[in-house]
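Each residue of the sequence shown is one higher than the last, beginning at 1 in full-length UniProt numbering.
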Amino acid sequence: MSKVFSIFTIIEFLTFIIAIICLFKDKSLFWKLAIAYMLVTFSTEFTAVIIGRILHQHNVWLYNIYIIFENCFVSFGLYQFLKQYVNPKPLILVGSGLIFSSYCFEVFSHGFTEVFYSATNNLSAAIYVLYSLYYFYVLLKDDNFIKLKYHPQFWWVVGVLFYYFGGTIINLFDDVFRVKLSTGHWLRWYIYIILNLLLYSFWSYSFICRARQRRLLP
């Protein structure tokens with residue numbers, strides 16, 4: 001049983017359950033998609049574990065497919081939250097175009113099953129960090145009073161910023177973090193556990209805040 005589950009699948013499954021509990025009755029398209037996205041995320045990680053640990057086959061192709069869902073969901077979320085303050089369509093289209101171009105280049109350069117599309121992953125991470133910082137900038141300029149403690153959009157973007165900023169740092173200084181510890185795992189593996197905990201903790205809290213917000217809506 002321990003071969004089937006990993007720390008990542010457990011974290012993602014718990015977040016998926018929280019999403020169902022908090023967002024199942026939500027009428028907003030984005031928050032409904034959050035449930036579907038967490039299901040896709042958990043299913044991808046769970047399937048990858050089975051393929052890699054049980055069947056002992058390459059599972060990189062599965063993550064290359066998942067990149068599509070990840071970029072669509074995160075881009076859509078940032079678009080939805082930014083458009084409350086500005087017109088983000090040109091910005092999102094440019095970023096999405098760059099990510100799509102990088103993805104297509106890697107498909108034609110490496111095929112679909114040989115290597116993980118790290119260039120696309122790194123590019124999208126950097127773009128999402130910039131989007132997140134821009135969101136906080138326009139949020140701070142907003143004259144309306146917002147109680148950030150219970151603001152679901154804020155905490156969702158906080159999760160995105162922490163996760164993708166941390167991932168960008170790891171990718172830039174890959175040699176520094178590629179150290180094998182006495183436990184047998186690489187240092188970057190532990191860092192990614194922390195980043196996943198941060199991402200899904202903030203997202204789970206944002207789901208809880210959204211449920212609270214929905215109850216208070218007239």
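Note that CB positions come from ideal geometry on N, CA and C, so glycine has one too.
| Neighbourhood of I178 by C-beta distance below 8 Å, restricted to the same chain and skipping five residues each side | The sequence shown places Arg at residue 178, not Ile. Counting only Cβ-Cβ distances below 8 Å, and skipping sequence neighbours, we find W186, L187, R188.
| What did DSSP end up calling K83 once you bin it into helix, strand or coil? | coil
| query | Any idea what DSSP makes of K180, helix, strand or coil? | reply | strand
| Straight-line Cα distance separating A126 from T168 | 6 Å
| task | If I'm right that L78 touches Y128 with Cβ under 8 Å, what's the distance once you round it to whole angstroms? | result | 7 Å
| query | For V60, which residues of its own chain have a beta-carbon under 8 Å away from its beta-carbon, when the five flanking residues on both sides are left out? | reply | T113, E114, V115, F116
| Contact check, I18 vs S204 under 8 Å by CB: the rounded distance? | 5 Å
| message | Tell me the residue span of the alpha helix (DSSP H) that contains F116. | response | Counting along the chain, F116 falls outside any alpha helix (DSSP H), and DSSP gives it neither H nor E.
| task | Could you check the C-alpha separation between F207 and H56 for me, to the nearest Å? | result | 36 Å
| said: Give me the DSSP bridge partner(s) of W189. | reply: Paired residue(s): none; W189 is not in a bridge.
| field | Buried/exposed call for F202, threshold 16 Cβ in 10 Å | value | buried
| task | If I'm right that T47 touches L29 with Cβ under 8 Å, what's the distance once you round it to whole angstroms? | result | The pair is not a contact, with the Cβ atoms about 26 Å apart (cut-off 8 Å).
| field | Inter-residue Cα distance where the pair is Y66 and L172 | value | 22 Å
| Ends of the alpha helix (DSSP H) at P152? | 152 to 172
| Residues of its chain near W31, where Cβ-Cβ distance is below 6 Å and the 5 sequence neighbours each way are ignored | L23, R210
| said: Under 8 Å: do the region 85 to 104 and the region 143 to 158 share three or more Cβ pairs, one atom per stretch? | reply: no
| task | Run through the region 31 to 65 for me and flag every whole alpha helix (DSSP H) of 4 or more residues, listed as ranges in chain order. | result | none
| Beta carbon of V40 nearer than 8 Å to that of F8 | no
| message | How far does the alpha helix (DSSP H) with P90 in it extend, from its first residue to its last? | response | 89 to 110
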